[in-house]
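Reading through the structure tokens given below for one structure.
In our numbering, the protein residues as written are 411 to 657.
Have a look at this one:
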């Protein structure tokens with residue numbers, strides 16, 4: 411069962427109105443795949459969708475827990491995995507973070523690409539705290555989130571910046587359907603939580619992570635109509651302090 415056709419260049423639509431999966435890997439997703447070959451423990455991808463990062467991580471030799479709200483997307487992922495890799499794939503249809511329960515220190519890296527920007531602030535904080543517990547010492551949390559520079563969300567930037575100046579903790583909470591074009595309105599959830607570098611960095615530091623990289627990003631294979639100023643996304647590579655324990 412192949413991935414669904416692209417709805418726009420480089421964009422594969424999810425089946426549960428939770429935005430898109432990109433065919434191209436973001437910097438956090440590429441780092442996730444790089445870590446796969448030497449991981450001592452399983453990796454976790456949150457919001458794995460059809461597996462653009464999980465599949466190459468499996469190919470690199472890792473055991474991967476692929477989590478998503480959509481069981482049907484995970485079924486496509488499982489079918490796309492080569493037969494020799496399937497014994498190292500665990501599919502976990504569940505709502506993250508509240509319905510995902512892993513042992514403390516049980517995973518080597520966690521990827522959440524285009525996931526956290528659909529959460530309210532309390533759930534974002536819970537996500538960072540949960541991932542910190544689940545990671546082994548020296549493990550990595552790899553994140554990609556949207557900013558107000560992404561295409562139609564630019565309409566929200568003046569209000570976002572005003573809230574940010576006023577000291578609001580979560581200035582990016584909006585209803586994305588108020589700004590979406592008609593062809594995208596039904597493809598989005600009812601809430602978006604837009605980020606900037608300072609917000610994502612704060613989340614990581616408050617949870618106890620060391621920030622190794624924090625950068626703006628936009629995909630090369632991305633529709634021109636959704637590009638603006640090169641700050642469409644923020645990517646984070648954060649590490650849990652400590653040394654990896656080899657067992």
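C-beta: ideal position from N, C-alpha, C; glycine also.
| Item | Value |
| --- | --- |
| DSSP-derived helix/strand/coil call for residue 483 | helix |
| Coarse secondary structure for residue 514, derived from DSSP in three states | coil |
| Three-state secondary structure assigned by DSSP to residue 627 | strand |
| At least three beta-carbon pairs within less than 8 Å, the region 448-458 to the region 507-526 | yes |
| Proximity winner among 620, 579, 618 and 631, relative to residue 532 (alpha-carbon distances) | 579 |
| Counterpart residues of residue 649 in DSSP-defined beta bridges | 550 and 620 |
| Residues near residue 412 by beta carbon distance below 6 Å, same chain, minus five either side | none |
| Unbroken stretches of the beta strand (DSSP E), 3 residues or longer, contained in the region 424-493 | 430-432, 453-456 and 474-478 |
| Three-way DSSP call (helix, strand, coil) for residue 503 in this model | strand |
| Residue environment, residue 625, which counts as buried when at least 16 other CB atoms sit within 10 Å | exposed |
| Beta-carbon spacing of residue 445, residue 539 below 8 Å | no |
| Residue 644 in three-state terms, based on DSSP | strand |
| Exposure label - residue 432; buried when at least 16 CB within 10 Å | buried |
| Distance, residue 443 Cα to residue 657 Cα | Residue placement at residue 657 is flagged as unreliable, the pLDDT there being 46, under the threshold of 50; the coordinate-derived value follows with that caveat. Residue 657 and residue 443: Cα-Cα distance of roughly 21 Å. |
| Sequence-distant residues of the same chain with beta carbon closer than 7 Å to residue 478, five excluded per side | 457, 458, 459, 484 and 503 |
| Close-in-space but distant-in-sequence residues of the same chain around residue 595 (CB under 6 Å, 5 per side omitted) | 587 |
| The region 640-655 contacting the region 552-567, beta-carbon criterion three pairs below 8 Å | yes |
| Beta-carbon proximity check, residue 474 vs residue 468, cutoff 8 Å | yes |
| Distance between residue 640 and residue 569 (C-alpha atoms, nearest Å) | 20 Å |
| Buried/exposed call for residue 608, threshold 16 Cβ in 10 Å | exposed |
| Inter-residue Cα distance where the pair is residue 616 and residue 510 | 21 Å |
| Nearest-angstrom Cα separation, counted from residue 610 out to residue 534 | 10 Å |
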